[in-house]
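First to last, the protein sequences are chains C and R.
Count the first sequence with our numbering and you get residues 1 to 202, in order.
Count the second sequence with our numbering and you get residues 1001 to 1202, in order.
All C-beta atoms in this analysis are idealised placements derived from N, C-alpha and C, irrespective of residue type, glycine included.
Reviewing the structure listed below.
Number of protein chains: 2
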Amino acid sequence: MSTEKTRYHHGHLAESLLEAVDEIASQFGIEAVTLRACAKRVGVSPSSAFRHYVDKRALLTAFATRALNQLVDAMEGAKQQVQHHGGNAFHAVGLAYVAFAIAKPAFFRAMWREETIYAQDGDYLAATRKLAQCIQGGFAQTLRDEDPDAFSAQELLAWSSVHGLASLLVDGPLAKGKSRDELLEAASGMIQALDIALDQPV
Amino acid sequence: MSTEKTRYHHGHLAESLLEAVDEIASQFGIEAVTLRACAKRVGVSPSSAFRHYVDKRALLTAFATRALNQLVDAMEGAKQQVQHHGGNAFHAVGLAYVAFAIAKPAFFRAMWREETIYAQDGDYLAATRKLAQCIQGGFAQTLRDEDPDAFSAQELLAWSSVHGLASLLVDGPLAKGKSRDELLEAASGMIQALDIALDQPV
DNA sequence: GAGACGATGTTAACGCCGTTCACATGCAAT
DNA sequence: ATTGCATGTGAACGGCGTTAACATCGTCTC
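This is the structure:
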């Protein structure tokens, strides 16, 4: 380890590059993420990135996976919060989904960019599956042994509405001139309407 | 007018470039859309595009606007179809939304890319507003004189769920290995559940 | 008709991008 | 100590968006 002197071998370049993507995306948006910019921020030559990621798309895939896992963590945190202090778990989890998108729009965009990531990557797929299970978690009626990719109409409605609201707030016209709290309140209202709806028989 | 000989002045370059974006996006995805590729397809030098669009982002904004209007047309067509032949108008309009996204994923992506278009452009904003009204159209209870940007919790739920399903099918893991008809059937089921939900009191 | 002028298209160049390849460096096993 | 391998470097490639100086042409005026 020794000091932080400039060493020829960086040591943790793969993760440091991910961190650079994080910072640049947070500051300037996902479109501004450039291999050269990431390398410069880490203090390394541009070509060194290719020792750890086969191309830019692979780096963005790793970042998307990271972001997905962060989202899952946020949702599970919200669920535990509610389990300890009481409240509607489904509402809390859904709100956490939207809140994450509002707080980290660039991350949310990066997660769902089929054209700029390798969407069939194993780790990425596993992360999306974990997210799906996290959302399905509120549904006792789901048959657990069936195909994990199968969704009931109500599960589909739950994920779609929360995901759609997040998307419309991040990339759509809904957020125009509204504060974070106003957006969260609108989201809370929608999730409440959804919650009522999901109690209805099909 | 005369013949279709190679003339120095193209004549309809602005629209022809839009058409080129359409074709390239359809064939190779929105990420493959390049000013130089569009210019080459039209048979014109790359820099000529800048006589009609201040930059690439402006061209993509015009394309997004066009795509939005196409979506609105599809939805209104579906509505009229139902009005003449009977059926659930809300269901038909929602399904048209999802069907458009499945049929033209690149267009759907282009519509909602805040970072690559000028989302505050007048024409683009007008198109999004028309789309919003098209979706709100099914809701008699909406107070028409109020802020057109205001959405009730139920309207929010309606747009979000349909938009979210479309997004998840286009950029998410839901569509994995499913045929177009299977996807449309799943969408139909979700919209049905949504329709029931929207009849419930808040 | 002649000439001026503005709109539209061209050519050449700039810097930045992702990517590759030959090469340099240093760690670890022998 | 030597070898071998993983990791980082530097220079170069073609493609990108964009600009500026220049070419062409339709149209408006006399």
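| Query | Result |
| --- | --- |
| Counting C-beta neighbours from all protein chains within 10 Å, is the total for residue 105(C) 16 or more, i.e. buried, or is it exposed? | buried |
| Exposed or buried, which one is residue 1280(R) when buried takes at least 16 other CB atoms within 10 Å? | What the structure shows of chain R is the stretch from 1001 to 1202, and residue 1280(R) is not part of that stretch, so it cannot be assessed. |
| Excluding the five sequence neighbours on either side, which residues of its own chain have a C-beta within less than 6 Å of the C-beta of residue 123(C), listed in chain order? | 65 |
| Taking CB distances under 8 Å as the criterion, tell me whether residue 1190(R) reaches chain C. | yes |
| Could you tell me which whole alpha helix (DSSP H) segments of length 4 or greater appear in the region 1039–1127 of chain R? | 1056–1085, 1089–1103, 1105–1111 |
| Rounded to a whole number of angstroms, what is the C-alpha to C-alpha distance between residue 1047(R) and residue 70(C)? | 43 Å |
| Quick check: residue 114(C) and residue 1171(R), are their CB atoms within less than 8 Å of each other? | yes |
| Quick one, which residues of the region 1118–1136 of chain R are near chain C if we go by CB-CB under 8 Å, in chain order? | 1119, 1125, 1128, 1129, 1132 |
| Checking contacts by CB at 8 Å: is residue 154(C) closer than that to chain R? | yes |
| Distance cutoff 8 Å, beta carbons only. Does residue 30(C) sit that close to anything in chain R? | yes |
| Measure how close the beta-carbons of residue 188(C) and residue 1157(R) come, nearest whole angstrom, since I'm counting them as under 8 Å. | With 8 Å as the limit, residue 188(C) and residue 1157(R) do not qualify as a contact, their Cβ atoms being about 12 Å apart. |
| Can you name the residues of chain C whose CB is closer than 8 Å to the CB of residue 1197(R)? | 157, 193, 194, 196, 197, 198, 200 |
| Given a threshold of 16 other Cβ atoms within 10 Å of its Cβ, counted over all protein chains shown, does residue 79(C) qualify as buried or as exposed? | buried |
| Taking the alpha-carbon positions, what's the residue 31(C) to residue 59(C) distance? | 14 Å |
| Restricting to Cα atoms, I'd like to know which of 84(C), 28(C), 186(C), 97(C) is closest to residue 68(C). | 97(C) |
| Under 8 Å Cβ to Cβ from residue 118(C), same chain only, skipping five residues before and after it: list those, please. | 57, 58, 61, 124 |
| Just checking my contact of residue 154(C) with residue 1193(R) at CB under 8 Å: how many whole Å lie between their CB atoms? | 6 Å |
| Assuming residue 1072(R) and residue 1131(R) make a contact with CB atoms under 8 Å, what is their CB distance in whole Å? | 5 Å |
| Answer with buried or exposed for residue 167(C), where buried requires no fewer than 16 other C-beta atoms within 10 angstroms of its C-beta. | buried |
| Determine the burial state of residue 1054(R): buried for a count of at least 16 other Cβ atoms within 10 Å of its Cβ, exposed for fewer. | exposed |
| Go ahead and pull the three-state DSSP assignment for residue 1007(R). | coil |
| Determine the direct distance from the alpha carbon of residue 128(C) to that of residue 74(C), and round the result to whole angstroms. | 14 Å |
| If I'm right that residue 1052(R) touches residue 1092(R) with Cβ under 8 Å, what's the distance once you round it to whole angstroms? | Residue 1052(R) to residue 1092(R), Cβ: 37 Å. No contact. |
| Secondary structure at residue 1204(R), three-state DSSP: helix, strand or coil? | With chain R represented from 1001 up to 1202, any question about residue 1204(R) goes unanswered, as that position is not in the structure. |
| Along the alpha helix (DSSP H) that carries residue 19(C), what are the first and last residues, could you check? | 13–28 |
| For residue 1109(R), which residues from the same chain have a beta carbon less than 6 Å from its beta carbon, with the 5 sequence-adjacent residues on both sides left out? | 1030 |
| Buried or exposed: which applies to residue 1103(R), given that a residue is buried once 16 or more other Cβ atoms fall within 10 Å of its Cβ? | exposed |
| Is there a C-beta anywhere in chain C that falls below 8 Å from the one on residue 1116(R)? | yes |
| Leaving out five residues on either side along the sequence, give the residues of the same chain with a beta carbon under 8 Å from the beta carbon of residue 190(C). | 161, 165 |
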